[in-house]
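Presented below is the structure to which this report refers.
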Amino acid sequence: MTTVVAYVDQDSGTPRPAGLEALGAAHATGADTVAVVAGPGAADAASQLGASGAKSVVVLTGADDYSPDRLAKDLAAVVQAQSAQAFVTSSTSLGRDVAPRVAAHLDSTLFSDCTSFSLEGGSFTMVRPWMAGKLIATLRSSAPVCCVTLRRNNFSPVETDGDAAVSESPASADFLALLKEIGSADGGKLDVSDAPIVVSGGRGLKDAESFKLIEDLADAFGNAAVGASRAVVDAGWRPHAEQVGQTGKTVSPQLYIAVGISGAIQHLAGMKTSKVIVAINKDADAPIFKVADYGIVGDAFEIVPKLTEAIKAAVAAS
Amino acid sequence: MNIVACIKRVPMTETQAKVAADGQSLDTSGVEYMTSFYDEIAVEEAVKAKEKLGGEVTVLTLGTTDATKQIRECLAKGADKGVILTDDGWALRDCRSTAKSLADKVKELGAEVVFAGRQATDRDNASVGPMLATYLGWACVTDVIELELEEGKGVAKRESEAGVETYEFSLPAVITCQKDLNEPRYAGLKGIMAAKKKPLEEVAIAGEASQAEVVSVELPPARKEGRIVGEGPDGVDALMTALQTEAKVL
């Protein structure tokens, strides 16, 4: 029987949606799934995972603070103790931080940010974007342990019935780097790579102050994040954390609205897999219209306020 | 401080990708190359560390002689010497194989800190830095946006979904660099002239076989043709109708 170990990120006893996606993806391969949780509240989170695809759960105990190198070493030890054939986690900033190290401890390569993960005839096959999605590669693993991170919003959590057996494994004591503090400055804000709706602005907005238009439209939805083109991030109007594109974040929300963004190749690479794309631009020949499902040609300063009101009305009516 | 900056020569971000005849790789005809965007930030941070703490910066890459141009550009910006680990089969390597070869060379160079970009903009693995650190048994902080190094240790800030995380770590360490860390300098004429005389070593190496077999490489599916729903503010009503009744995303 094939065993897949899934690291499920959790926050104070509640599994994070990204963690449940990873667990769901592991379960969907048909393999036996062992979930691993760590940090404060891990035992509470563990008790919920039998309902989300885990056959058993391992709780790493005695490490309430976060050290990426220590967590990686402990996760690799669980993979070995379980004689697992694969290790998966979500491609969050924590997943991206830890998974390469887990892979190295297992002397295995890593398949990062995969959009598909499947098991057939005993071998794992992954699909992942290259060059921020300009190319799509299908890869087969011949690693001792197939180590994978999964792109957000590409895998679904599963509902299973059954109680997963929970066991404990003590975390190691030694570490080389330790998280001391998390600044809450941007804490409550929805991250552009997680948001189901993204409203992005570009140079067509003319100056940093005009991004108020974009923020207002995002606020009207209630569940939208603000994104930005490279040009406006380079100009210092917006933080890099909001940049969508090949040197920023790759996003695939349900709805992507591009305002005043012409659509350079490097921007398109970062948002082309969005389910529905809307473009608002005064240049009817802008490349963004080539990937947009719906476009409005015209002045963003006239169109966006009206759209914001219409969205507010639609949200209020729903 | 003995410092290494790892770079990768990658297709320009403006590249319009095509699939090669083998169906397994990028068609490189007409492709132009650059130092991967985040690796330029790594080189800048390495030079800044040298300026503050003294020592020497070695720019290290794995590839072919073709990377000479990119290495010279880094030398022109203040790095002291370059090393190209040459391997004709380098493009077929996976991140594990790359990390192991880099680890061997970093050990040999006796570095105390290695800077690398958070990811290379061709394969987007974001793996070689932390894998390299793990093979070396070193600390590693990824996606760093602020860094303070001192004797034997450092403090780094990192961007995550939760906010800005502050890490304390021991040296030696690998630091992977995010955009906000610094603004890479331009090479002056003096730097460009000086770079021509700086040492550049080429070492032929062989790596371990890839554990990632490429089954196929394809272009992403084309989006279905969209349409202009209107002009100016008058287009908003048509857009709302389309989003509500056709796309059903509201």
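Keeping their order, the protein sequence lines are chains S and G. So for the first sequence, the numbering used here puts the first residue at 7; every next one is plus one. So for the second sequence, the numbering used here puts the first residue at 19; every next one is plus one. We put the CB at the ideal spot given by N, CA and C, even for glycine. Keep in mind that this is a model prediction, so the values were computed, not measured.
In the DSSP assignment, what are the bridge partners of residue i?
i               : result
M132 of chain S : S:F123 and S:L145
Q249 of chain S : S:A234
S234 of chain G : S:T144
E220 of chain G : G:I102
D103 of chain S : Beta-bridge pairing links D103 of chain S to no other residue.
L78 of chain G  : G:C24 and G:V101
F93 of chain S  : S:V11 and S:C153
Q16 of chain S  : S:P21
N287 of chain S : S:V303
L167 of chain G : G:G172
V108 of chain S : BP columns for V108 of chain S are empty, so no partner.
T259 of chain G : Note: T259 of chain G sits in no beta bridge, so no partner.
F117 of chain S : S:V154
Taking residue i as part of the alpha helix (DSSP H), name the residues at either end of that continuous run.
i               : result
T33 of chain G  : Note, T33 of chain G: premise wrong, no alpha helix (DSSP H); not H, not E.
E221 of chain S : F217 to F227
D80 of chain S  : P74 to A87
G72 of chain G  : No alpha helix (DSSP H) contains G72 of chain G, which DSSP labels as neither H nor E.
F307 of chain S : A306 to A323
S228 of chain G : Premise fails: S228 of chain G is in no alpha helix (DSSP H) and is neither H nor E.
P148 of chain G : V146 to L154
S115 of chain G : C113 to L127
In terms of residue numbering, what span does the beta strand (DSSP E) encompassing residue i cover?
i               : result
G172 of chain G : K171 to S178
F263 of chain S : The identity of residue 263 of chain S in the sequence shown is Ile, whereas the question assumes Phe. Counting along the chain, the beta strand (DSSP E) containing I263 of chain S begins and ends at L261 to V265.
E183 of chain G : G181 to S188
S206 of chain S : I203 to G207
R245 of chain G : R245 to E249
CB residue i to CB residue j, shorter than 8 Å?
i               : j               : result
E186 of chain G : V173 of chain G : yes
T155 of chain S : S118 of chain S : yes
V65 of chain S  : A82 of chain S  : no
V284 of chain S : V204 of chain S : no
L29 of chain S  : A60 of chain S  : yes
D105 of chain G : A224 of chain G : yes
G248 of chain G : L261 of chain G : no
Q88 of chain S  : T9 of chain S   : yes
K175 of chain G : I163 of chain G : yes
D112 of chain G : Q229 of chain G : yes
A67 of chain G  : I102 of chain G : no
R136 of chain G : Y51 of chain G  : no
A138 of chain S : A319 of chain S : no
Report the rounded CA-to-CA distance for residue i versus residue j, giving the unit in angstroms.
i               : j               : result
K266 of chain G : P259 of chain S : 14 Å
T39 of chain S  : T144 of chain S : 23 Å
V2 of chain S   : V310 of chain S : The structure shown does not extend to residue 2 of chain S, since chain S is modelled only from 7 through 324, so no value can be given for it.
G107 of chain G : T115 of chain S : 17 Å
A240 of chain G : T53 of chain G  : 29 Å
P293 of chain S : R76 of chain S  : 47 Å
G193 of chain S : S178 of chain G : Its pLDDT being 47, under 50, G193 of chain S is placed unreliably by the model, and nothing is read from it.
A24 of chain S  : Q16 of chain S  : 9 Å
S268 of chain S : P106 of chain S : 36 Å
D142 of chain G : A224 of chain S : 29 Å
Q252 of chain S : T139 of chain G : 7 Å
L182 of chain S : T152 of chain G : 11 Å
A323 of chain S : G181 of chain G : 34 Å
D198 of chain G : Y262 of chain S : 25 Å
L154 of chain G : F133 of chain G : 14 Å
L55 of chain S  : D167 of chain S : 10 Å
I193 of chain G : A90 of chain S  : 30 Å
D213 of chain S : R236 of chain S : 14 Å
L71 of chain G  : G96 of chain G  : 14 Å
V84 of chain S  : F93 of chain S  : 10 Å
P217 of chain G : M211 of chain G : 13 Å
A270 of chain S : M7 of chain S   : 48 Å
G206 of chain G : E62 of chain G  : 14 Å
A191 of chain G : K26 of chain G  : 19 Å
* Anything in the stretch 135-150 of chain S with a Cβ closer than 9 Å to a Cβ of chain G? List those residues in chain order, please. => P135, W136, M137, A138, G139, K140, L141, I142, A143, T144, L145, R146, S147, S148, A149 and P150
* **chain S contacts made by the stretch 31-45 of chain G, where a contact means CB separation under 8 Å** => T31, E32, T33, Q34, A35, V37 and L44
* Asked: Quick one, which residues of the stretch 102-121 of chain S are near chain G if we go by CB-CB under 9 Å, in chain order?
  -> R102, D103, V104, A105, P106, R107, V108, A109, A110, H111, D113, S114, T115, L116, F117, S118 and D119
* Asked: What residues from the stretch 171-186 of chain G come within 7 Å of chain S, judged by C-beta to C-beta, listed N to C?
  -> E177, S178, E179, A180, G181, V182, E183, T184, Y185 and E186
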